[in-house]
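Protein chains in written order, with the numbering used here: chain A, 667 to 804; chain B, 667 to 804; chain C, 667 to 804; chain D, 667 to 804. Just so it is clear, CB atoms sit at the ideal spot from N, CA and C, and this is done for glycine as well. Treat the numbers as computed from the prediction; the structure is a model and nothing was measured. Down below is the structure, laid out as structure tokens.
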């Protein structure tokens, strides 16, 4: 099971080579992670925010174009004690065009330290656990 | 009648004051103008592209927040011989939060000159003509 | 006298037509307004921030390209009681390619109301007052 | 030896947590890679462009703030037959705040295939070869 979000490319997302520019992708993946952020912060309130982003990586497999919506598929690829890894793919025209991983840490901003992921959230996230064959979890 | 598009704010669209940053709005309006670009370029093909953007302006009326989708309403506020003015609003939580106008010109890139808007496209655009009371067309 | 800032276009700033995309410009103008924000907020501290942006407009006069730095020239075009209008131009290859105006309001976020611009800041801003002939101040 | 570029954060680069948003970083790194793009495309001409981006990754080590310029340091961390890996760091206030790697491929767009990096370009790139101790080249 995965979270799905449809994104409409903007004219300015396309670069001089006629494809979606690579720097656009982290924003699209961030937008689709709203669905995960919502699990941790149901009210999307910045003053209680409890996640930090430690790392991301993106592989560009095929070009993305202006003329069709893009589906972002968001999975959980690993749940640690206080961190989780999100695995995402961008699909257009029935092809997987990019894939990426993002490491998030459940974080107490007042104490400035990582804190365990609560059992209830963990249990929700587990519904979206999926291990694509080609993804090696470090 | 207006074109409507729903947009999901991204985490990074919010700035240090806790609201959608002003520089985000031209991108959202551009995204919603896809519906107009499609009238002029049904295949969204850059090599035949026939529109240039001459000017835009945005008024920020109320703050936009992270926690709700935003509806962009797109109207045609004026159709000239070769140019048109697009009027757009961003709505969130039943409030109109920003409004903006954009001037587009139907343009022949090979000849590098403005060209008249064809009757067929004009007739489609007229369906979306709307003159909000507070908008003064120059 | 004007504030000057040099900006290096990024690959992704260029759109499918081979020019700097129009949505890039408000960000470049915002970046150059740092020099004005500094007059109001010498320490750039968000918790005491005292400016809101009410409106901007941009006119696209000539295309901007990838292969050269762009100079942003920032003037003050009007100083009101609590608001000011910033006039900016983007120059590349000795040509003025875009011009824009932005209305900022000196604002008390706690009281949620506009407050007068202090005499000291006003006096600094006046050094950058300039009225380009073609700019009509409303 | 490394390429160095200074970048001024924009107001809107800062997100609701008061730090530079993670999605900003690929754009800053892209901007600093202009210095490498110039080695391959001295005239920055899109119609002859000869590089594609296959992958990037970014690690967020410390927060970046609004109130100071950021130095991007760009090294070459690996030169293959047709590809190269660029290693970059973002420094602010004498601290290394992010690091990232990007894989570029020298590419013939007409033939749609990777092509060897010419000896002359390779020799220039070698001047910027640096292997930070903590970077493991796969």
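Whether residue i touches residue j by CB criterion (7 Å)
i: residue 695 of chain A; j: residue 766 of chain A; result: yes
i: residue 764 of chain B; j: residue 724 of chain B; result: yes
i: residue 758 of chain C; j: residue 676 of chain D; result: no
i: residue 795 of chain B; j: residue 742 of chain B; result: yes
i: residue 671 of chain A; j: residue 793 of chain A; result: no
Nearest candidate by alpha-carbon position, reference residue i, set the options
i: residue 772 of chain B; options: B:746, B:789 and B:689; result: B:746
i: residue 783 of chain C; options: C:760, C:738, C:716 and C:724; result: C:716
i: residue 673 of chain C; options: C:741, C:722, C:795 and C:733; result: C:733
i: residue 777 of chain C; options: C:686, C:761, C:791 and C:714; result: C:714
i: residue 685 of chain B; options: A:681, A:712 and A:692; result: A:712
i: residue 750 of chain B; options: B:697, B:693 and B:791; result: B:791
i: residue 703 of chain D; options: D:779, D:752 and D:796; result: D:752
i: residue 740 of chain C; options: C:762, C:770 and C:699; result: C:699
i: residue 691 of chain C; options: C:775, C:671, C:756 and C:779; result: C:756
Through-space distance from residue j to residue i, alpha-carbon basis
i: residue 787 of chain A; j: residue 730 of chain A; result: 33 Å
i: residue 768 of chain C; j: residue 781 of chain A; result: 44 Å
i: residue 669 of chain D; j: residue 736 of chain D; result: 14 Å
i: residue 789 of chain D; j: residue 721 of chain B; result: 46 Å
i: residue 748 of chain A; j: residue 727 of chain C; result: 52 Å
i: residue 803 of chain D; j: residue 744 of chain D; result: Low confidence applies to residue 803 of chain D: its pLDDT is 48, below 50, so where it sits in the model is not reliable, and the reading given next is rough at best. If I take the Cα positions, the gap works out to 7 Å.
i: residue 683 of chain B; j: residue 687 of chain A; result: 28 Å
i: residue 719 of chain B; j: residue 738 of chain B; result: 19 Å
i: residue 760 of chain B; j: residue 754 of chain B; result: 15 Å
i: residue 678 of chain D; j: residue 681 of chain B; result: 5 Å
i: residue 785 of chain C; j: residue 709 of chain A; result: 42 Å
i: residue 774 of chain B; j: residue 762 of chain A; result: 35 Å
i: residue 779 of chain C; j: residue 770 of chain C; result: 13 Å
i: residue 693 of chain D; j: residue 693 of chain C; result: 13 Å
Residue i: contacting residues in chain A (beta-carbon distance under 7 Å)
i: residue 693 of chain D; result: 689
Neighbouring residues, chain B, relative to residue i (Cβ below 7 Å)
i: residue 680 of chain D; result: 681 and 682
Contact with chain G by residue i, beta-carbon distance below 7 Å
i: residue 744 of chain C; result: Protein chains in the displayed structure are A, B, C and D, and chain G is not among them.
Partners in chain D for residue i, counting only beta-carbon separations shorter than 8 Å
i: residue 725 of chain A; result: 720 and 721
i: residue 674 of chain C; result: 671, 697 and 700
i: residue 732 of chain C; result: 710 and 712
i: residue 703 of chain C; result: 677
Under 9 Å by beta carbon: chain B residues contacting residue i
i: residue 715 of chain C; result: 682 and 683
Contact list for residue i against chain D, beta-carbon separation under 9 Å
i: residue 822 of chain B; result: In the structure as shown, chain B starts at 667 and stops at 804, and residue 822 of chain B therefore has no counterpart that could be examined.
- Message: Output needed in chain order: residues of the segment 763-779 of chain B with a Cβ under 7 Å from some Cβ in chain C.
- Response: none
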